[in-house]
Amino acid sequence: MSVLARSVGNAFRNKIRTAAVVAVLAVAIGLALAMLVANQAVGGKVQELNASVGTVLTVNPAGAQGFDGGGEPLTTAQTATAAAVPNVVSVVGTKALRLETATAASASTTGTTAQQAGPGGGPGGGTSVTTNLQAAIDAGTLGNRNNTSGSTGSGNTGTGNTGTAPTFSLPITATGIGAEVDTAGKALNITSGTGLGDYTVASTKALVGTTLATKNNLKAGSTFTIAGKTFTVAGIFDAGTTFGNNAVYTTLAEAQALAATPGELSSMVVTVNSMANVDAAKTALQTALGSSKADVTQGQRNLDTAVSSLDSVKNISLVAFIAALGTAGLIILLIMVMLVRERRREIGVLKAIGARNRTIGLQFVLEALVLVALGSVVGAAIASVASGGIASALISSNSSTAATSQRGPGGGGFGGAGLPGGGGPFGGASQLLTSVTASASPGVIAAGVAAVFGVAVVGALVPALLTARIRPIEVLRGE
Amino acid sequence: MIEVKDLVRQFKSGDRTIKPVNGVSFELEKGTLASIVGKSGSGKSTLLSLLGALDKPTSGDVVVDGVSLAGLPAGKLTEYRRRDIGFVFQQFNLIPNLSAVDNVMLPMEFAGMRKAARLERARSLLEQVQLDPEKQSRRINKLSGGEQQRVAIARALANEPKLILADEPTGNLDEQTGEHIIELLSSLSRDHNTTILVVTHDRSLAQKTERRFRLQQGKLSEETVRPRVAAGA
Ligand SMILES: Nc1ncnc2c1ncn2[C@@H]1O[C@H](COP(=O)(O)OP(=O)(O)O)[C@@H](O)[C@H]1O
Ligand SMILES: [Mg+2]
Numbered sequence: 001m002s003v004l005a006r007s008v009g010n011a012f013r014n015k016i017r018t019a020a021v022v023a024v025l026a027v028a029i030g031l032a033l034a035m036l037v038a039n040q041a042v043g044g045k046v047q048e049l050n051a052s053v054g055t056v057l058t059v060n061p062a063g064a065q066g067f068d069g070g071g072e073p074l075t076t077a078q079t080a081t082a083a084a085v086p087n088v089v090s091v092v093g094t095k096a097l098r099l100e101t102a103t104a105a106s107a108s109t110t111g112t113t114a115q116q117a118g119p120g121g122g123p124g125g126g127t128s129v130t131t132n133l134q135a136a137i138d139a140g141t142l143g144n145r146n147n148t149s150g151s152t153g154s155g156n157t158g159t160g161n162t163g164t165a166p167t168f169s170l171p172i173t174a175t176g177i178g179a180e181v182d183t184a185g186k187a188l189n190i191t192s193g194t195g196l197g198d199y200t201v202a203s204t205k206a207l208v209g210t211t212l213a214t215k216n217n218l219k220a221g222s223t224f225t226i227a228g229k230t231f232t233v234a235g236i237f238d239a240g241t242t243f244g245n246n247a248v249y250t251t252l253a254e255a256q257a258l259a260a261t262p263g264e265l266s267s268m269v270v271t272v273n274s275m276a277n278v279d280a281a282k283t284a285l286q287t288a289l290g291s292s293k294a295d296v297t298q299g300q301r302n303l304d305t306a307v308s309s310l311d312s313v314k315n316i317s318l319v320a321f322i323a324a325l326g327t328a329g330l331i332i333l334l335i336m337v338m339l340v341r342e343r344r345r346e347i348g349v350l351k352a353i354g355a356r357n358r359t360i361g362l363q364f365v366l367e368a369l370v371l372v373a374l375g376s377v378v379g380a381a382i383a384s385v386a387s388g389g390i391a392s393a394l395i396s397s398n399s400s401t402a403a404t405s406q407r408g409p410g411g412g413g414f415g416g417a418g419l420p421g422g423g424g425p426f427g428g429a430s431q432l433l434t435s436v437t438a439s440a441s442p443g444v445i446a447a448g449v450a451a452v453f454g455v456a457v458v459g460a461l462v463p464a465l466l467t468a469r470i471r472p473i474e475v476l477r478g479e
Numbered sequence: 480m481i482e483v484k485d486l487v488r489q490f491k492s493g494d495r496t497i498k499p500v501n502g503v504s505f506e507l508e509k510g511t512l513a514s515i516v517g518k519s520g521s522g523k524s525t526l527l528s529l530l531g532a533l534d535k536p537t538s539g540d541v542v543v544d545g546v547s548l549a550g551l552p553a554g555k556l557t558e559y560r561r562r563d564i565g566f567v568f569q570q571f572n573l574i575p576n577l578s579a580v581d582n583v584m585l586p587m588e589f590a591g592m593r594k595a596a597r598l599e600r601a602r603s604l605l606e607q608v609q610l611d612p613e614k615q616s617r618r619i620n621k622l623s624g625g626e627q628q629r630v631a632i633a634r635a636l637a638n639e640p641k642l643i644l645a646d647e648p649t650g651n652l653d654e655q656t657g658e659h660i661i662e663l664l665s666s667l668s669r670d671h672n673t674t675i676l677v678v679t680h681d682r683s684l685a686q687k688t689e690r691r692f693r694l695q696q697g698k699l700s701e702e703t704v705r706p707r708v709a710a711g712a
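Chains A and B, in that order, give the protein sequences.
Just so you know, we're using the working numbering here: the first sequence kicks off at 1 and counts up by one.
Just so you know, we're using the working numbering here: the second sequence kicks off at 480 and counts up by one.
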């Protein structure tokens with residue numbers, strides 16, 4: 001019979017009590033592990049977010065965003081001004097086009113191929129051209145509502161369109177881009193085919209969103225038309241959202257040529273070298289471009305709330321992890337102190353028959369570790385089942401305000417401020433919150449269990465040291 | 480050879496100081512079976528705990544084969560208890576969730592003996608104290624009082640100690656079982672040439688020992704030394 005065997009035996013001496021202790025420990029350890037898993041998952045997400053969109057600024061013409069507003073367009077020349085601002089790493093210009101589907105175009109009175117957007121200071125940056133593509137999104141309630149208000153503004157009133165909208169179909173967003181990024185500055189996720197190569201020269205190659213490609217039976221190599229011109233699909237991309245996938249990307253120069261507005265930009269996507277410099281760069285950029293000419297927004301502004309709520313979730317989960325870990329240590333400490341007191345006389349017996357202090361101490365530490373091991377097994381099981389739920393509960397309770405306020409108009413309408421591609425800054429926040437998946441990876445669980453054992457050893461060491469103070473004469477107690 | 484030199488142990492109870500052991504001196508030759516009698520509370524257990532280094536004397540010394548306990552550090556006293564002393568208690572004081580064999584093996588484990596050797600010796604000792612072989616693997620709390628005390632005696636013998644200290648070993652046993660235990664101790668002292676000091680308040684049991692001491696008011700007095708009476712005779 002070894003010290004270890006004796007410790008295991010002692011751990012099961014009172015089976016009901018052992019079961020109770022293990023259950024309580026398992027809850028504390030399970031909570032600690034779940035919190036660690038949540039912390040890791042959220043931490044990873046925050047990092048990913050900061051790395052991708054955290055340092056992106058969007059420049060729009062002053063007074064306009066997307067297809068709405070007025071003012072003067074941005075020009076290619078301004079990209080050089082923006083690029084000269086300190087801490088700016090890259091500037092990508094975009095040119096947005098609204099692709100009217102064939103049915104929508106025939107319903108309009110003019111029938112011209114390149115129809116300038118309405119008079120009366122209507123949409124400033126967007127230009128409508130026809131396409132043979134079918135939109136991948138059904139108009140639905142939102143679309144029809146948006147169309148009604150949109151058509152009033154664009155001077156289509158009186159064409160008989162009002163009241164009856166069966167022929168209405170949603171437009172498709174085409175964006176000319178100066179680099180392989182979406183309008184939020186995120187690298188495009190090309191799922192098949194290739195990119196467009198040089199994004200600054202005109203080319204009849206295009207990238208098509210997944211749902212749009214499916215709807216129109218397009219594959220890499222297929223062709224379609226924009227403004228009567230034949231384009232070849234170079235690749236298919238996945239923007240992650242239904243709205244974002246109902247889109248086409250061409251090179252910047254091509255979009256400018258299609259709109260017959262060479263040198264004009266709808267927006268600029270400016271990437272700053274680090275999170276810390278974003279605010280300073282934003283101010284500098286605004287000054288450099290002039291506030292009467294350009295609006296600089298932090299593309300990630302809306303995500304900011306999300307990031308900060310994720311950050312607080314991360315902090316909460318870290319505090320909860322430490323607290324649960326401390327609780328597990330405290331439980332072990334109290335249980336072991338109780339056991340030492342209860343076995344005072346037995347410890348006296350062991351000393352009377354010649355056991356060294358360290359032998360007895362070791363026996364108690366090992367007994368504590370047996371309890372912790374059992375608690376960890378049950379706790380890890382609890383954690384792997386509960387961590388996903390705990391993480392999402394933490395996130396939704398912590399950021400419900402942020403998430404709901406940012407859902408915005410994502411339903412496919414273009415009357416709203418929805419920017420094309422990537423779901424825009426509005427869809428992003430709620431989307432990223434739901435996409436935090438807390439899966440209990442074995443590595444994290446192992447690290448957590450190691451931390452638990454570390455705390456348990458400390459928790460058990462105190463009572464083990466107490467045994468050294470028990471005098472052998474205790475053996476005679478009560479005789 | 481055990482020499483006890485002017486041992487004193489005092490306790491403070493409230494503002495009163497009591498001295499259950501107040502200047503005790505005696506010597507015991509190797510292989511002697513001796514007894515101490517005295518009223519309850521007269522200090523017998525206190526004296527025994529001083530001899531076995533469970534407790535430290537206020538003054539005085541115990542010298543075992545020339546080694547003085549007074550000068551030994553705690554670690555050496557632990558070693559002294561492990562190697563030179565075997566305890567037998569009134570309440571047996573075995574580890575309840577271990578088997579008889581495991582209990583007997585404990586002191587040998589503490590002394591660093593190898594497992595196979597421990598097991599063999601434990602079985603042989605349990606045989607010597609006449610525990611039924613089928614009860615050797617039984618948990619202690621499934622054994623009767625007399626059986627438990629036999630296991631305790633086997634445990635006391637485990638590391639071949641110089642001195643066995645038995646504190647009222649028959650106190651929790653019926654008369655007949657108690658007599659068996661005393662006979663066992665007596666024969667062990669003879670066979671192993673081990674010095675045994677038994678505390679008892681049963682005079683008839685004391686009659687069977689070679690040397691008989693009486694502890695009274697902190698002082699030890701000895702009844703006339705007489706030749707050893709054969710056990711059970
Ligand atoms: N740790 C202690 N503190 C105070 N008094 C003690 C302590 N141990 C023993 N005593 C007292 O010393 C006296 C002798 O006790 P003990 O040696 O147990 O007697 P015996 O074994 O002869 O019955 C008793 O009065 C007891 O109360
Ligand atoms: Mg006593």
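The beta-carbon is built from N, C-alpha and C at its ideal position, and this holds for glycine as well.
- Inter-segment contact for the stretch 611-618 of chain B and the stretch 575-590 of chain B is present: three or more beta-carbon pairs are separated by less than 8 angstroms.
- Of A:L188, A:A276, A:R145, A:N10, the smallest CA-CA separation from A:L339 is found for A:N10.
- In the structure shown, B:D540 adopts extended strand secondary structure according to DSSP, grouped into three states.
- Here A:L57 is not near A:K205, since their CB atoms are 8 angstroms or more apart.
- At a C-beta separation below 8 angstroms, B:A590 has these neighbours in chain A: G354.
- For A:L252, the enclosing alpha helix (DSSP H) covers residues 252-258.
- Taking 8 angstroms as the threshold, the shortest C-beta distance from B:R560 to chain A falls below it.
- Our two residues, A:N189 and A:G71, have alpha carbons roughly 33 angstroms apart in a direct line.
- For B:K523, the Cβ falls inside the 7 angstroms cut-off from some heavy atom of ligand 1.
- Taking the C-beta atoms as reference points, B:L604 is found nearer than 8 angstroms to B:A633.
- Looking at the backbone, the Cα of B:G550 and that of B:L556 are separated by about 10 angstroms.
- What A:G361 touches in chain B, judged by beta-carbon distance under 8 angstroms, is nothing: the nearest beta carbon there is about 13 angstroms away.
- B:D646 has its Cβ nearer than 7 angstroms to a heavy atom of ligand 2.
- Among the residues facing chain A, B:I643 is not included, as its CB has no counterpart in that chain under 8 angstroms away.
- Listed in chain order, the non-local C-beta contacts of A:N245 below 7 angstroms within the same chain comprise A136, G209, T210, T211, L212, D238, A239, local neighbours out to five positions each way being set aside.
- If you draw a straight line from the Cα of A:L371 to the Cα of B:T679, it is about 43 angstroms long.
- Pairing B:L548 with B:A532 gives a Cβ-Cβ distance under 8 angstroms.
- About 6 angstroms separates the Cβ atoms of B:L610 and B:E626, confirming a contact at the 8 angstroms cut-off.
- For A:Y249, DSSP records a beta bridge to A:T175, A:L207.
- Remark: the shortest separation between the CB of B:G625 and any heavy atom of ligand 1 does not fall under 7 angstroms.
- The DSSP assignment places 56-61 as complete runs of the beta strand (DSSP E) inside the stretch 5-73 of chain A, in order along the chain (cut-off: 3 residues).
- Across the set A:T175, A:R469, A:T214, A:T242, the C-alpha of A:R469 shows the shortest separation from the C-alpha of A:V337.
- Judged by DSSP secondary structure, A:A234 falls outside any alpha helix (DSSP H) and instead within the beta strand (DSSP E) spanning 229-237.
- Inter-residue distance for A:G43 and A:I360 is about 43 angstroms (C-alpha atoms, whole angstroms).
- Here A:S222 is not near A:E254, since their CB atoms are 8 angstroms or more apart.
- The residue from A:L466, A:F453, A:G389 with its alpha-carbon nearest to that of A:N357 is A:L466.
- Of all residues in the stretch 9-26 of chain A, only G9, N10, F12, R13 come within less than 9 angstroms of chain B when Cβ atoms are compared, listed by chain position.
- Listed along chain A is no residue with a C-beta nearer than 9 angstroms to that of B:R593; the closest approach is about 12 angstroms.
- Using a Cβ distance threshold of 8 angstroms, B:A645 and B:V677 count as a contacting pair.
- Between the alpha carbons of A:A288 and A:F231 lies a gap of roughly 37 angstroms.
- At least one heavy atom of ligand 1 lies closer than 7 angstroms to the C-beta of B:I497.
- For the stretch 339-354 of chain A, the residues whose beta carbon sits under 9 angstroms from a beta carbon of chain B are, in order, R345, E346, G348, V349, L350, K351, A352, I353, G354.
- Inclusion of A:A83 and A:A294 in the CB contact set at 8 angstroms is not warranted, their separation being larger than that value.
- By the criterion of a C-beta distance shorter than 7 angstroms, A:Q134 is surrounded in its chain by T101, K215, N216, once the five residues flanking it on both sides are discounted.
- Per DSSP, reduced to three states, the secondary structure at B:G510 is coil, with no helix or strand assignment.
- Taking the CA atoms as reference points, B:E662 sits about 10 angstroms from B:S668.
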